[in-house]
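Each step along the sequence shown adds one to the number in the numbering used here, with nothing skipped, and position 343 is 900. Data first, discussion second: the structure below is written as structure tokens.
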Amino acid sequence: MAVADAENPLLGETTCGSLLQKLQQIWDEVGESDEERDKMLLQLEQECLDVYKRKVDQAVKSRAHLLQALADAQLELSRLLSALGEKSFVGIPDKTSGTIKEQLAAIAPTLEQLWKQKEERVKEFSDVQTQIQKICGEIAGNSNLSEVPVVDEADLSLKKLDEFQGQLQELQKEKSDRLHKVLEFVSTVHDLCAVLGMDFFSTVTEVHPSLNDSTGVQSKSISNDTLSRLAKTVLALKEDKKQRLQKLQELATQLIDLWNLMDTPEEERSLFDHVTCNISASVDEVTIPGALALDLIEQAEVEVERLDQLKASRMKEIAFKRQAELEEIFARAHIEIDPEAARAKIMSLIDSGDVEPSELLADMDNQIAKAKEEAFSRKDILDKVEKWMSACEEESWLEDYNRDENRYNSSRGAHLNLKRAEKARILVNKIPALVDTLVAKTRAWEEDHGIPFTYDGVPLLAMLDEYAMLRHDREEEKRRMRDQKKFHELLNTEQEAIFGSRPSPGRPLGPKKVVGPRANGGANGTPSRRLSLNANQNGARSTSKDGKRDNTRPVAPVNYVAISKEDAASHVSGTEPVPASP
């Protein structure tokens, strides 16, 4: 190696050349041989090479480290961009521009910015996943989850974050829906407990402690188990409400029946208005708190039991009241029964104790229902019977009116009788058609029921047949009387021609009244009012004070013939009337 220059005057520093020059001076002074000098110089040169080599090795290693750092930074940059889902990022330097350190210095801010963005993104993912995990735990019924959700840092893209946020929104909506259902169930349980008189807090706390009103809305359990238990509780309470309402309505019906049976005053009935007010209400209509409480139902049961015992002591009075109602129905329907025998039978059953009072009353209620049904089936025929009898009465009155020779005198009320006679003639002309209709309807009724249609114990068809025969006989009597009148007129004419003067004959007899079709009475073919017309004129049979029917009726002899005033006068004058036809 050549000897280096002396000390560099510009730098003012010791250089290799100056040191070598100084070493040579020392060697000169010492007198070192050239061989030693060359040996030492070779040694120095080798040592310098070793130093340079070490420095070069260190530089190579440093460069390799820098390159590795640059590669790692570029790899980290790519990984961050991939994890964040960024295809490009503003501020990324060109890979080929500048030295290694310049490239590292250029990429470092971008990495720091991406690391910061990654931390923020990880925090967002962690928050969203934590909320998702919490809601899932609430739905599953395990809200005490302490585990922190693991964030997948390999995929922190906005797309993945949006997926988690979408899942969170769905879960939040489901939580809101579940919370709404829970609150609805709790409200329903509250209303049902109020109506049933039950403790709401104990009932709802049995389902889940968080459902108590002391806890916040967001703290209430929304798990599947809670919803299921709430639904079962609501169903059980509704079924209990339904059964209690049915029980209360049965008790209310029994109370009303017993009240009506024993004529309970309104003041006493009003004490149980809270029971009877729901007698026809549906389950959903009963909303008053305490309306179906157990103590209220027990109170109604006690009252029904008390009235039942009272009813047993008043059984005879009640049974006779039902019997009177039954007799009234039969009387209006003109069905003949034996009330004395019926009352005696009731007394016997009650005194013997063989029949429960409730069974006896139920049997009598059944008899009343059947009696009403039978009375309804007879109503149409009975209405026509009433019309027929009214027409027959008018017919009888018209016969008497036509027989009165002073009917056209200007006496008081004569014009009213004249109008009545005109209406009576119209009504009498309708009697044949009315009788035919009655016969047809009666026969049809008898065919349907298989029994004769009786009117106060008399077969109606027999009455109608008797009336038809008597009407026919009356018409024959009228025709005979007309012929007799003509004969008298002809005889008087012949006597006048023979004797030259006309004697004063007795007044001709008018048509006699004949016995009507009623049992033992009724002139002029008019049916007896014992069949339907009584003193009260309402279709009901008169009864005496002891409840017995008054069977006393006016009765005329079978061979009775009404004689007018003129006929009586002819008897007094000695003129013999023509005898009535048999």
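Quick reminder that beta carbons are idealized off the backbone N, C-alpha and C, glycines included.
Discussion item. Applying the 10 Å Cβ sphere with the 16-neighbour rule, what's the burial state of Ser953?
Written reply: Counting from one through the sequence shown, the residue named residue 953 turns up at place 396. That one is buried.
Worksheet item: Is Val1015 helix, strand or coil by DSSP?
Response: Taking the first residue of the sequence shown as 1, we reach residue 1015 at position 458. Of the three classes helix, strand and coil, the one that applies to Val1015 here is strand, per DSSP.
Discussion item. Below 8 angstroms, how does it come out for the segment 1009-1023 and the segment 1044-1057: are there three or more Cβ pairs, yes or no?
Written reply: no
Item to complete: Could you have a look at Glu1032 and say whether DSSP puts it in helix, strand or coil?
Response: On the sequence shown, residue 1032 is found 475 positions in, with the first residue counted as 1. Helix, per DSSP.
Worksheet item: Pairing CB atoms from the segment 891-901 with CB atoms from the segment 997-1015, are three or more of them under 8 angstroms?
Response: yes
Worksheet item: Whose CA, out of Gly1007, Lys658, Ile903, lies closest to the CA of Leu918?
Response: Numbered from its first residue, the sequence shown carries residue 918 at position 361. Out of Gly1007, Lys658, Ile903, Ile903 has the C-alpha closest to the C-alpha of Leu918.
Practice prompt. Apply the 10 Å Cβ neighbour rule to Leu808 and answer buried if 16 or more other Cβ atoms are within range, or exposed otherwise.
Written response: Here residue 808 refers to the residue found at position 251 of the sequence shown. That one is buried.
Practice prompt. Could you pull out every residue in the same chain whose Cβ sits closer than 6 angstroms to the Cβ of Val708, ignoring the five residues on either side in sequence?
Written response: Translated into positions along the sequence shown, residue 708 becomes position 151. For Val708, where only same-chain residues beyond five positions count, the Cβ hits under 6 angstroms are Val679, Phe682, Ser683.
Worksheet item: Can Gln724 and Ile689 be called in contact, C-beta distance under 8 angstroms?
Response: One-based indexing of the sequence shown puts residue 724 at position 167. One-based indexing of the sequence shown puts residue 689 at position 132. Closer than 8 angstroms, so yes.
Worksheet item: How should Ser780 be labelled, buried or exposed, when 16 other C-beta atoms within 10 angstroms of its C-beta is the threshold for buried?
Response: Position 223 of the sequence shown holds residue 780. The residue is buried, with at least 16 neighbouring Cβ atoms inside 10 Å.
Fill in: Rounded C-alpha distance that separates Arg1028 from Ala990
As a position in the sequence shown, residue 1028 is number 471, starting the count at 1. As a position in the sequence shown, residue 990 is number 433, starting the count at 1. Answer to the nearest angstrom: the Cα atoms are 14 angstroms apart.
Practice prompt. Could you check the C-alpha separation between Lys804 and Val743 for me, to the nearest Å?
Written response: Translated into positions along the sequence shown, residue 804 becomes position 247. Translated into positions along the sequence shown, residue 743 becomes position 186. About 26 angstroms.
Worksheet entry | Between the CA atoms of Glu943 and Lys976 - distance to the nearest angstrom | Here residue 976 refers to the residue found at position 419 when the sequence shown is read from its first residue. Here residue 943 refers to the residue found at position 386 when the sequence shown is read from its first residue. C-alpha separation (whole angstroms): 22 angstroms.
Discussion item. Here's a check: name, in chain order, each residue in its chain whose Cβ is nearer than 8 angstroms to the Cβ of Gly1096, leaving out the five neighbours to either side.
Written reply: For the purposes of this step, residue 1096 is taken as residue 539 along the sequence shown, with counting starting at 1. The pLDDT assigned to Gly1096 is 36, lower than 50, so where the model puts this residue is not dependable; a value taken from the coordinates is nonetheless given after this. Hits under 8 angstroms: Arg889, His891, Leu939, Glu943, Ser1089.
Worksheet item: Straight-line CA distance for Gln674 to Leu641?
Response: What you label residue 674 is simply residue 117 of the sequence shown in a count that begins at 1. What you label residue 641 is simply residue 84 of the sequence shown in a count that begins at 1. Computed Cα separation, rounded: 8 angstroms.
Worksheet item: Helix or strand or just coil, what does DSSP make of Lys936?
Response: Here residue 936 corresponds to residue number 379 of the sequence shown, with the count starting at 1. In the structure shown, Lys936 sits in a helix (DSSP, three-state: H, G or I).
Practice prompt. Figure out for me which residue from Trp672, Arg964, Ala630 has the closest Cα to the Cα of Ala663.
Written response: Stepping through the sequence shown from its first residue, residue 663 is reached at position 106. Nearest option by C-alpha distance: Ala630.
Discussion item. Between the alpha carbons of Ile657 and Gln670, how many angstroms are there, rounded?
Written reply: As a position in the sequence shown, residue 657 is number 100, starting the count at 1. As a position in the sequence shown, residue 670 is number 113, starting the count at 1. So the alpha carbons of these two residues sit roughly 20 angstroms apart.
Fill in: Alpha-carbon spacing of Glu1032 relative to Asp961, whole angstroms
As a working note, residue 1032 is residue 475 in the sequence shown. As a working note, residue 961 is residue 404 in the sequence shown. About 19 angstroms.
Worksheet item: CB His831 to CB Leu849, shorter than 8 angstroms?
Response: Along the sequence shown, read from residue 1 onward, the residue named residue 831 stands at position 274. Along the sequence shown, read from residue 1 onward, the residue named residue 849 stands at position 292. Not in contact: His831 and Leu849 (Cβ atoms no closer than 8 angstroms).
Worksheet item: How is Phe1010 classed by DSSP in three states: helix, strand or coil?
Response: On the sequence shown, position 453 is the one that residue 1010 refers to. Note: Phe1010 maps to coil in three-state DSSP.
Discussion item. If you measure between the beta carbons of Lys795 and Leu851, is that distance less than 8 angstroms?
Written reply: What you label residue 795 is simply residue 238 of the sequence shown in a count that begins at 1. What you label residue 851 is simply residue 294 of the sequence shown in a count that begins at 1. Contact flag unset, no.
Practice prompt. Would you mind reading off the limits of the alpha helix (DSSP H) that contains Pro896?
Written response: Your numbering for residue 896 matches position 339 in the sequence shown. Pro896 -> alpha helix (DSSP H) spans 896-909.
Worksheet entry | Given Ala971 as reference, the closest of Tyr958, Arg982, Ala981 once Cα atoms are compared | The residue given as residue 971 occupies position 414 in the sequence shown. Taking only the C-alpha atoms, the option nearest Ala971 is Tyr958.
Fill in: Closest residue to Arg801 among Gly754, Arg1037, Ser759 (Cα-Cα distance)
The residue labelled residue 801 in the question sits at position 244 within the sequence shown. Of the listed residues, the one whose Cα sits closest to Arg801 is Gly754.
Worksheet item: If you scan the segment 785-859 from start to end, which runs of the alpha helix (DSSP H) of 4 or more residues do you find wholly inside it?
Response: 823-827, 830-833
Fill in: Pairwise C-alpha distance: Arg826 and Pro914
By one-based count along the sequence shown, residue 914 stands at place 357. By one-based count along the sequence shown, residue 826 stands at place 269. Pro914 and Arg826: Cα-Cα distance of roughly 23 angstroms.
Practice prompt. Measure the alpha-carbon distance for Val985 versus Thr994 and round it to whole angstroms.
Written response: Translated into positions along the sequence shown, residue 985 becomes position 428. Translated into positions along the sequence shown, residue 994 becomes position 437. For Val985 and Thr994, the distance between alpha carbons rounds to 15 angstroms.
Practice prompt. Can you say whether Lys579 is buried or exposed, counting buried as having 16 or more other CB atoms within 10 angstroms of its CB?
Written response: The residue you call residue 579 lines up with position 22 of the sequence shown. Looking at its Cβ environment, which holds fewer than 16 other Cβ atoms inside 10 Å, Lys579 is exposed.
Practice prompt. Can you tell me which of Leu792, Arg735, Phe757 puts its alpha carbon nearest to the alpha carbon of Lys777?
Written response: Here residue 777 is taken as the residue at index 220 of the sequence shown, counted from 1. That would be Arg735, whose Cα lies nearest to the Cα of Lys777.
Worksheet item: Under the rule that 16 or more other beta-carbon atoms within 10 Å means buried, what is Tyr1024, buried or exposed?
Response: In the sequence shown, residue 1024 corresponds to position 467, counting from 1. So Tyr1024 ends up on the buried side.
Discussion item. I need the DSSP call for Val705, collapsed to helix, strand or coil.
Written reply: Within the sequence shown, numbered from 1, the residue matching residue 705 stands at position 148. It is coil, neither helix nor strand.
Practice prompt. Return the chain-ordered ranges of every beta strand (DSSP E) run that is complete within the segment 589-636 and spans a minimum of 3 residues.
Written response: none
Worksheet item: Under 8 angstroms, do Glu860 and Leu812 count as touching if we go by C-beta distance?
Response: Against the sequence shown, residue 860 aligns to sequence position 303. Against the sequence shown, residue 812 aligns to sequence position 255. Closer than 8 angstroms, so yes.
Item to complete: Sort Asp595, Leu787, Asp756 by Cα distance to Val739 and report the nearest one.
Response: Taking the first residue of the sequence shown as position 1, residue 739 is located at position 182. Answer by Cα proximity: Leu787.
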